[in-house]
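The block underneath contains the structure these notes are about, expressed in structure tokens.
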């Protein structure tokens, strides 16, 4: 069976100005990943109960920022996965294996992810020593790097299939941009691990994530200059 699925109704540029989507109907593999992300979100919410007093309500709102950040990170991971399958439609053996690894990592990552942000926004409920902060940041950044390394490998594989996929010049450029984009996530996470393991101030290993925004803005601007406007129909 071909690793490509037919495009729905032959339409192009569905949700993507410079990229023809090669994915068709949502596959069982994509549905399984959706279910895993839903499970991860459930694990984040599993200890949340409907408050029956004002104190409980206040406590629930104190945990809301932690849940919001966890939700945003998992949603970002889901969107990269979604966009990959929409753009390339690849579902051969290497992609299936990478999907399985990614699903395992997402479920594992929920625990350090939730613990870290609960610790940040609800300190009175979590007791942790300085040495444990080092371990926590290592687990958090390691999981972050591993997830984006898996997504990076999926895009690298798609790039290696650019001839078979018949990618246009713009599509090749966007694939290169995505490889750099994902690579920067990995680099920042690796830098965070390096900082915390070198014995530097532990919060600095978390603050380093703040540079992701400016880096990704510059990355998008740089590669965006290389895109050619599609011809009008």
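Numbering (the working numbering), first residue to last: 1057 to 1289. Using N, Cα and C, we set each Cβ at its ideal position, and we do this for glycine too. All values derive from a computational prediction rather than experimental measurement.
Quiz item: Would a C-beta distance cut-off of 8 Å place residue 1147 and residue 1212 closer than the cut-off?
Solution: No; because the gap between Cβ atoms is not below 8 Å, this pair is not in contact.
Exercise. Please list, in chain order, all residues of the same chain as residue 1197 whose beta carbon is under 6 Å from its beta carbon, the five residues on each side excluded.
Key: Cβ contact annotation for residue 1197 (same chain, cutoff 6 Å, sequence separation greater than five): 1245, 1248 and 1249, in chain order.
Quiz item: CB-CB under 7 Å to residue 1173, same chain, minus the five flanking residues each way: which ones, in chain order?
Solution: So the list reads 1122, 1125 and 1126, once near-sequence residues are dropped.
Practice problem: Say whether the segment 1222 to 1236 touches the segment 1155 to 1175, bearing in mind that this needs 3 or more beta-carbon pairs closer than 8 Å, one atom from each stretch. | Solution: No, the segment 1222 to 1236 does not touch the segment 1155 to 1175.
Self-check item: residue 1193 vs residue 1252 beta-carbon contact at 8 Å
Solution: Yes, the pair counts as a contact, with Cβ atoms nearer than the cut-off.
Quiz item: Which residue from 1221, 1091 and 1154 puts its Cα closest to that of residue 1079?
Solution: Per the Cα distances, 1221.
Exercise. Check whether the Cβ atoms of residue 1154 and residue 1204 sit closer than 8 Å, and answer yes or no.
Key: It is not a contact, given that the beta carbons lie outside the stated cut-off.
Exercise. Let me know if residue 1135 comes out buried or exposed under the rule of 16 or more other beta-carbons within 10 Å of its beta-carbon.
Key: Residue 1135 sits exposed, since fewer than 16 C-beta atoms from the chains shown fall within 10 Å of its C-beta.
Quiz prompt | Member of 1240, 1260 and 1284 whose CA lies at the smallest distance from the CA of residue 1269 | solution = For residue 1269, the closest C-alpha among the options 1240, 1260 and 1284 is that of 1240.
Practice problem: Give the secondary structure of residue 1185 by DSSP, where H, G and I count as helix, E and B as strand, and everything else as coil. | Solution: In the three-state DSSP reduction, residue 1185 falls in the coil class, being neither helix nor strand.
Quiz item: Whole-angstrom Cβ separation of residue 1283 and residue 1144, contact assumed at under 8 Å?
Solution: That pair is no contact at about 18 Å.
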